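Residue numbers (this note's numbering): 2 to 306.
Comments concern the structure below.
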Amino acid sequence: MKPPIAVVCLMGPTGAGKTAASLALAGDFPATMINADSRQIYRDFSILTARPTPEEEAVCPHRLFGFLPTEEKLGAGEYARLAGAAIAEEHAQGRVPLLVGGTGLYFRALLDGMADIPPVPEHVAAAWRTRCDAEGPAALHTRLTEVDPATAARLHPNDRQRICRALEVHEATGKPLSWWHERPPAKSPFRALRLFLELPLTELEPRLARRIDLMIEAGALDEARAALTRCADPTAPGWSGIGCREVYAHLMEDLPLEACKALWLRNTRAYAKRQLTWFRAEKNLVRLAPDDIPQIRALARAHFA
RNA sequence: AGGGCAGUAGCUCCAACGGCUAGAGCGGCGGUCUCCAAAACCGCAAGUUGGGGGUUCGAAUCCCUCCUGCCCUG
C-alpha cells in the first residue's frame, strides 16, 4: 500500500478568484495545476469558461485544461480516472498537484470515490432518454420502483435525469443502482487539503458582471464564432456552458447583446448560488477569503511539508 | 384638446357569465445531488388587482372620478 499523495484543492464559486490564488501558490512549490472544472476542459471555449490565459498557463504545467472537443462530454467517473492518473504522474516526477476548480461532483468523484459502476453503452442511455421523452418521467419512475425500489424511493418522479441513469445502470449491469451504491468506494489514494474560497453572493455579483464585460473585450464573441465552425450544434455538451449558450443565442438567434449579457449574468449568478449551496454542506473544508493569500500559502506549505 | 386601449407578484402575463383561499412562467430565497453537474430536480415566500368612491349578499371583473402609460384624430 503506497502512502497517500498530498494534494491541495482550491474550490469555490465561479468568479471568486481561484485561478489568481492558485498562481500565488505556484511560486512556492514545483506545482502542477490540475483542472477540476467541468467547463474548462473544453478546447474551443477558453475565454468563455474563464480558463487561465496562455500567460498564466506558462507559469507552471497545467493539465486537463482545454483538451475536449465540443461534441464530447466527460462524466465525473471518467474525470476522476484522468485526474487521478495525472496526479500520480506529476507526483512521480516530484511535482506538487494543485487541484483548481468549481465542480463539486468532480472533486467528490476524485477525492471520495464513486461506486465502481462500469460505463453504460451510449445506445442504452439514449434509448431510456428517448423513452422518457415519449412516456414521461413519472412512468419510468413507476418502472424503476419495480427493479430498484430503494433508488426510486429517493428520486422525485420528475427527476428524469437520475431516473434514466438508474434504469440504464440496471439494464447495462444487471444490478440495481442501489446495489452498486451499497458497496463502499475504494479508499482515497489522496491526502487532500480542501481550501474553499468563499465570497457571498452580494460580493460575487458585481464581479461576475464585470467579468462578462472583460470576457467580451477579450474576444468572447469571436471565440464563439470560431467554435461554431467546428461544432454548430447548440445542444452539444460544450455549448451548454453558461456564457456559451447565451452568446450562441446572440449570434444565431438575434438575441440583442444587452439581453444576452443580462441573461448571462443571471445564469452565472444562479450557478454561483448552487455552488455555494453544494459546498455549504461539504465537510472537511477550510473556508477562507479568496484574497487571504498569506493564509492560503501557509496552509498549503504546512500540508505539503 | 377629443376619442380609444391598457394598468394584476420584482418582470412577462392568465383568471367565461360578477362567485371557492387571485394563478402560471421567469426571477428571488432555501434545499437535494454517488457519472449530462456551468446539468437536473424539489420546497418556500411574494399581490391594498394604479388611487378613491359607488352598485351588489359578493367586484380584478360593472358604474363614477382621479393618476399614469401607449395609440389614433386634430
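We put the CB at the ideal spot given by N, CA and C, even for glycine.
On a predicted model such as this, the values are computed, not experimentally measured, just so you know.
Can you list, in chain order, the residues of its chain whose CB lies under 6 Å from that of residue i, leaving out five sequence neighbours each side?
i: GLY95; result: none
i: CYS133; result: LEU141, ARG161 and CYS165
i: PRO53; result: THR20
i: PHE30; result: VAL97
So, for residue i: in the same chain, excluding its five sequence neighbours on each side, which residues have a beta-carbon less than 8 Å away from its beta-carbon?
i: MET253; result: LEU229 and PRO235
i: GLY222; result: Before going further, note that residue 222 is Leu rather than Gly in the sequence given. Excluding sequence neighbours, LEU222 sits near VAL248, HIS251 and LEU252.
i: ARG231; result: ASP45, PRO70 and THR71
i: PRO119; result: ALA173 and THR174
For residue i and residue j, I'd like the C-alpha separation in whole angstroms.
i: GLU58; j: MET34; result: 9 Å
i: GLN162; j: GLY220; result: 34 Å
i: GLU123; j: PRO201; result: 40 Å
i: ARG192; j: LEU69; result: 28 Å
i: TYR272; j: ARG212; result: 15 Å
i: ALA135; j: ALA128; result: 11 Å
i: ARG1; j: GLY137; result: An answer regarding residue 1 cannot be provided, because it is not within the stretch 2 to 306 covered by the chain.
i: THR143; j: GLY114; result: 30 Å
i: GLU147; j: VAL101; result: 41 Å
i: GLU90; j: ALA84; result: 10 Å
i: LEU209; j: LEU286; result: 24 Å
i: ARG226; j: GLU73; result: 19 Å
i: ALA22; j: VAL125; result: 42 Å
i: PRO291; j: LEU145; result: 44 Å
i: SER189; j: ALA81; result: 11 Å
i: ALA36; j: ILE88; result: Checking the displayed sequence, the identity of residue 36 turns out to be Asn instead of Ala. Distance between the alpha carbons of ASN36 and ILE88 is about 11 Å.
i: PHE305; j: GLY105; result: 23 Å
i: GLU56; j: ALA139; result: 50 Å
i: LEU215; j: HIS157; result: 40 Å
i: ALA154; j: ALA303; result: 44 Å
i: GLY239; j: TRP265; result: 16 Å
i: ALA299; j: CYS61; result: 20 Å
i: LYS284; j: ALA27; result: 26 Å
i: ILE294; j: ALA51; result: 20 Å
i: ILE217; j: ALA187; result: 44 Å
Check residue i in the structure and name its three-state DSSP category.
i: PRO98; result: strand
i: THR230; result: helix
i: MET115; result: coil
i: ILE6; result: strand
i: VAL125; result: helix
i: LEU156; result: coil
i: ALA17; result: coil
i: LEU256; result: coil
i: THR236; result: coil
i: ALA140; result: helix
i: ILE217; result: helix
i: ALA32; result: strand
i: ALA51; result: coil
i: VAL148; result: helix
i: ALA22; result: helix
Enumerate in chain order the residues of its own chain whose CB-to-CB distance from residue i is below 7 Å, with the five nearest sequence positions on each side excluded.
i: VAL121; result: GLU169, VAL170 and ALA173
i: ASP149; result: ALA167, HIS171, PRO177, LEU178 and SER179
i: GLY13; result: LYS19, GLY103, PHE197, LEU198, GLU199 and PRO291
How many whole angstroms separate the CB atoms of residue i and residue j, which I take to be in contact at a CB cut-off of 8 Å?
i: GLU206; j: ARG267; result: Wrong, their Cβ atoms sit about 10 Å apart, outside the cutoff.
i: ILE297; j: ALA25; result: 7 Å
i: ALA301; j: VAL9; result: 5 Å
i: LEU65; j: LEU11; result: About 14 Å separates the two Cβ atoms, so there is no contact after all.
i: HIS92; j: ILE6; result: 5 Å
i: LEU49; j: GLU224; result: 6 Å
i: HIS182; j: ALA116; result: 5 Å
Would you call the region 39-49 and the region 239-256 in contact, with 3 or more CB pairs under 8 Å? By the C-beta criterion, the region 39-49 is judged to be in contact with the region 239-256, since at least 3 inter-stretch pairs fall below 8 Å.
Counting pairs of beta carbons, one from the region 259-268 and one from the region 278-285, are three or more of them closer than 8 Å? no
Is there contact here, the region 73-83 with the region 109-117, by at least three beta-carbon pairs under 8 Å? yes
Count the CB pairs spanning the region 185-205 and the region 10-23 that are closer than 8 Å, and state whether there are at least three. yes
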